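One structure is given below, encoded as structure tokens.
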Amino acid sequence: MTASELLEVRGLDVEFTAPDGAAVRAVRDVSFTLRRGETLAVVGESGSGKSTTALALARMLPGTGRIRAGQVLLDGQDLATAGPQELRQVRGARIGMVFQDPMTALNPVLTAGAHLDEALRAHGRGRDKAARRARAAELLDLVGIPDAGARLDDHPHQFSGGQRQRILIAMALAGEPDVLVADEPTTALDATVQDQILTLLGDLNRRTGTALLLITHDMGVVARSCARVLVMYGGTVVEDGPTAEVLTRPRHPYTAGLLAAVPRLSAPSGTRLTGIPGAPPDLARLTEGCAFAARCALAEDRCRTATPPLAPTPAVPGEESGTVRAACWPAAERHEPLPAAPPPVPIDRPRPGAVVLTAEKLGKTYRGRGRRGRTVTALDGVSLTLAAGETLGIVGESGSGKSTLARVLAHAHPSDSGTLRLGGRDVTRPARRELHTVRRSVQMVFQDPYASLNPRMTAGEIIAEPLHAFGIGDRAGRARRVEELLLLVGLEPGAAHRRPRSFSGGQRQRIGIARALAPEPSVLVCDEPVSALDVSVQAQIVGLLTDLQRDLGLALIFIAHDLAVVRQVSHRIAVMHRGRIVETGTADEVCENPADPYTRALLAAAPEPVPAAHLPRPRNTQVPA
Amino acid sequence: MRGHVLRRLPSALLILFVASLVIFAVLRLVPGDPATSLAGPDAGPETVAAIRERLGLDDSLPSQYLHWIGGLLTGDLGPSYAIGGQSADLISDGLGATVELTAAALLFVIALGTAFGVLGATARRGWVRAAVRALTTGALAVPPFVTGVLLVLLFAVLLKVLPPGGHVSLLTAPDLAVQYLLLPALCLALPSAAVLGRYLKDGIERALAEDYVRTATAAGVHPRRLLWRHALPNALPPAVTLLGMQTGHLLGGAVLVEAIFAWPGLGQLAEQALTRRDYPVVQDLLLLLVTVFVVVQLITDLVYAWLDPRIRWE
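Sequence lines, in order, name chains A and B. For the first sequence, our numbering begins at 9 and goes up steadily by one. For the second sequence, our numbering begins at -15 and goes up steadily by one.
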């Protein structure tokens, strides 16, 4: 180990015990090094072992997790075998950590100052309370909280999500660690806030020399903030190298597939995303061979029988810097880059037909509790039209009113003002009977495929529920319809008898879509239908929705915060900000020639999986206050 | 905070009014009559009628009710039918002893409950956690009249360290009073302490699994501090609500425990008054109970808000 190497992980193996007693090998033979002041990204989808690796570094594995083999050397000290006392001296003081969800990562009953005081005290920083308080204010100032001194006495709920993440970063920096491990630090945040936090992390790395280990699922975040990247799949490292190299000339087919599945803002409307077929491996049933072999188009016989080692790959034409290592048999012998991802395929979609849904000046205000409760205007004069066979994309950040609009359109909530027309009829305040038919023709697909399916019902019962509710068909007829719907969304008819637990995230979302389609709606309102899904799966679901629209002539409202996905699936886009539609136009027009400053800010903040050097002109835009 | 108390006042008064109606009605629905029980088994109908008239039981029910409430509002709790003297004097005689008992029991509930909760959630040795679980199950399952007898058997009869029953006022001889107080208070407290302990254990376990505990762990915070500064404060607010409700149990349970330990409190008075259909005393006692309960609920709300900074009663 050379002097500049700060952290060296050798052959790390982490195992969990499943409730049924089976051993789940979450991390297998992971090795990497992190130098002082370096920025390294660990990228992968859910179940790839990236977060487990991060937690294992400071021995913070939850539940039954344990390090089965390997070393975690921090300046030569092996943390894998360190005692509790030694670990406490490392946590915070040498390794600072920032986690994903800033809304739950701070103790609600303690003030920001108390959090920082605690972090400082844990490592004897600051002589006395007053000195620690002064340092805490300094730290809050460092991470960009305005009026830091005065805000020390505020509680977490008085800060915004982005500010809470800043406080967490300040806490992680309190012990002046050598390395900052950030596990999906911006996943729960809006794009513009994500942009600010990533900028902050980059600045801190440059100013304080703190090395950064960034765990993320987002290739755009990798491109934006790290010099080197480690790609994980099925609990093991499949590729590592300089970010600029890996993102432009990936050696491992999985990396290439992942990059191809990432929706890009530059892809025009009406094109199809390329997903990776199949689903990630079951970590409890791993066999010899490459974990990706089952989904890999280039897999050979040896890929299925022997596990490829992570080895340097031959130089390829155009290679600029450093070496790339890949755990892939064919890659070890290939002297040219993998074939570039095919350009986005245009899909043949019929022209939108007659207008089915019209909203005029919809308004909705929520009132806080109590007499002095704060009122929130969720919708402020929202007007839109939607035609049969058309997709209207709605983008905006949290709190912009997207979800309220979805619920008002689907008649889950009445609006306070404005009119809503469905197929020419005024359905703003339908009578009880009419409400029934309106609800039948406007159905919803929800964001969280885990929470939106009742775990005690079978897939068949879930899909048949709207049929019961609207009194459609008899027993046999409903069973036939369920079978039909399962096939329609790409699931086996046999899936009807299984419960949600036994499906993957993508399959659950298919069930959610089948449920929405059951009563044959004319309008489908999809509220962030792919946000909780991995990119490789996201592409499949987006493709499914597009196909269903083509075949059934559905009118789609597609709500998302990711502009790139929205552009690809939508005919038109409406941009929402603070309850109002600030801009609307065809999808390509809005993304290429945004008129509203807020749209420009959203576009600028969207991270693209392109290394900084390859980016076109930087777009300097500010979020309007 | 004052605003919150003021806002809650109308509903508190409404509860008291409805409670007074229910208490009044239920007593009259219970079979038996104060006059016949006063007159004794051998008395003739005219004696009974005379007593009825003297006690005002001939009046219409609404007028009896108004008479009672009117008395309460002017500070007159009325005379006792059967025991003799004024209801107010009887109640104030027993009140001190009962307050001593329930307050001591409440302290036991808090101390034992917290101990059960913390040990049950965090004890490193499995047998400690198992022992806490067994103890709380036992305390919940065995009724106070059995635990009372067991406690007396153990501490008074076998070990001879504590008196088996009786009462000495805390004001006259505190050291002796504490000895008399220990067993009844413990007996009264055990079931509530077990409930609180179970509740706190779950709360602490949940809190320890929260993200903010992970954040603090990552900052190098000592596990002891994780428990006392992070997990417990977050587990407390719901436990306080539970404690508020358990106070009602304590007041009710006091009746039984006072009987076991010959404790001269309101419980004994209530028992006497109820068996002899002493309407005014029973009515006053029950209404007092309801008042205490309403006040405890209000205090619970305020403590809750004090513990959880996200809640502010404006």
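In this text, a Cβ means the ideal position worked out from N, Cα and C, and glycines have one as well. Nothing here was measured: the structure is a model prediction, and the numbers come from that model.
Closer than 9 Å to chain B by CB, residue i
i: residue 626 of chain A; result: Confidence in residue 626 of chain A is poor, its pLDDT being 39 and thus under 50, which makes the residue's placement too unreliable to answer from.
i: residue 20 of chain A; result: no
i: residue 24 of chain A; result: no
i: residue 390 of chain A; result: no
i: residue 631 of chain A; result: Only weak support is given to the placement of residue 631 of chain A: the predicted model assigns it a pLDDT of 44, under 50, and the question is left unresolved by the model.
i: residue 180 of chain A; result: yes
i: residue 289 of chain A; result: no
i: residue 70 of chain A; result: yes
i: residue 104 of chain A; result: yes
i: residue 343 of chain A; result: no
i: residue 27 of chain A; result: no
i: residue 7 of chain A; result: Outside the shown range of chain A, which is 9 to 633, sits residue 7 of chain A, and nothing can be said about it.
i: residue 569 of chain A; result: no
i: residue 623 of chain A; result: Low local confidence applies: a pLDDT of 49 at residue 623 of chain A is under 50, so the model's placement there is unreliable, and no value is given.
i: residue 271 of chain A; result: no
i: residue 92 of chain A; result: yes
i: residue 419 of chain A; result: no
i: residue 505 of chain A; result: no
Residue range of the unbroken beta strand (DSSP E) whose run includes residue i
i: residue 219 of chain A; result: 219 to 224
i: residue 451 of chain A; result: 450 to 453
i: residue 75 of chain A; result: 74 to 82
i: residue 391 of chain A; result: 383 to 395
i: residue 534 of chain A; result: 531 to 535
Test: residue i CB closer than 9 Å to a CB of chain A
i: residue 106 of chain B; result: no
i: residue -14 of chain B; result: no
i: residue 214 of chain B; result: yes
i: residue 292 of chain B; result: yes
i: residue 382 of chain B; result: Coverage of chain B is limited to positions -15 through 298, which leaves residue 382 of chain B absent and any answer about it impossible.
i: residue 208 of chain B; result: no
Chain-ordered chain A contacts of residue i [CB-CB under 7 Å]
i: residue 194 of chain B; result: 112
i: residue 217 of chain B; result: 117
i: residue 222 of chain B; result: Those do not exist, as residue 222 of chain B stays about 13 Å from chain A at its closest Cβ, beyond 7 Å.
Within chain A, the residues that residue i reaches when beta carbons sit closer than 8 Å
i: residue 204 of chain B; result: 96, 97, 98, 99, 100, 101, 127, 130, 131 and 183
i: residue -6 of chain B; result: Within chain A, no residue comes near residue -6 of chain B; the closest Cβ sits about 15 Å away, beyond 8 Å.
Beta-carbon neighbours of residue i, restricted to chain B and to distances below 9 Å
i: residue 2 of chain A; result: Not covered by the structure: residue 2 of chain A. The range shown for chain A is 9 to 633.
i: residue 165 of chain A; result: 293 and 294
Per DSSP, the bridge partner or partners of residue i
i: residue 119 of chain A; result: DSSP output for residue 119 of chain A lists no bridge partner at all.
i: residue 35 of chain A; result: A:22
i: residue 189 of chain A; result: A:105 and A:221
i: residue 240 of chain A; result: A:245
i: residue 568 of chain A; result: A:403
i: residue 4 of chain A; result: Any question about residue 4 of chain A goes unanswered here, given that chain A covers just 9 to 633.
i: residue 40 of chain A; result: A:17
i: residue 353 of chain A; result: A:280
i: residue 250 of chain A; result: A:236
i: residue 64 of chain A; result: Partner(s): none; residue 64 of chain A has no beta bridge.
i: residue 563 of chain A; result: A:531
Cross-chain neighbours of residue i in chain B, by beta carbon under 7 Å
i: residue 176 of chain A; result: 199
i: residue 107 of chain A; result: 195, 198 and 199
i: residue 66 of chain A; result: 202
The alpha helix (DSSP H) enclosing residue i, as first and last residue numbers
i: residue 244 of chain B; result: 216 to 244
i: residue 369 of chain A; result: Premise fails: residue 369 of chain A lies in the beta strand (DSSP E), 363 to 375, not in any alpha helix (DSSP H).
i: residue 490 of chain A; result: 483 to 496
i: residue 193 of chain B; result: Where residue 193 of chain B is concerned, there is no enclosing alpha helix (DSSP H), given that its DSSP letter is neither H nor E.
i: residue 78 of chain B; result: 71 to 106
Cross-chain neighbours of residue i in chain A, by beta carbon under 9 Å
i: residue 337 of chain B; result: The displayed coordinates of chain B run from -15 to 298. Any statement about residue 337 of chain B would go beyond what the structure contains.
Min CB distance residue i to chain E below 9 Å
i: residue 93 of chain A; result: Among the chains of the structure shown, chain E does not appear; the protein chains present are A and B.
Quick check for students: name the residue ranges of the alpha helix (DSSP H) that lie wholly in the segment -13 to 65 of chain B, counting only runs of 4 or more. The segment -13 to 65 of chain B contains these whole alpha helix (DSSP H) runs: 18 to 23, 29 to 39 and 45 to 57.
Segments of 3+ residues assigned as beta strand (DSSP E) that fall wholly inside the segment 254 to 301 of chain A: If we require 3 residues or more, the segment 254 to 301 of chain A turns out to have no beta strand (DSSP E) run fully inside it.
Of all the beta strand (DSSP E) runs that stay within the bounds of the segment 400 to 440 of chain A, which reach a length of 3 or more residues? Counting whole runs of 3 or more residues, the segment 400 to 440 of chain A contains the beta strand (DSSP E) stretches 425 to 430.
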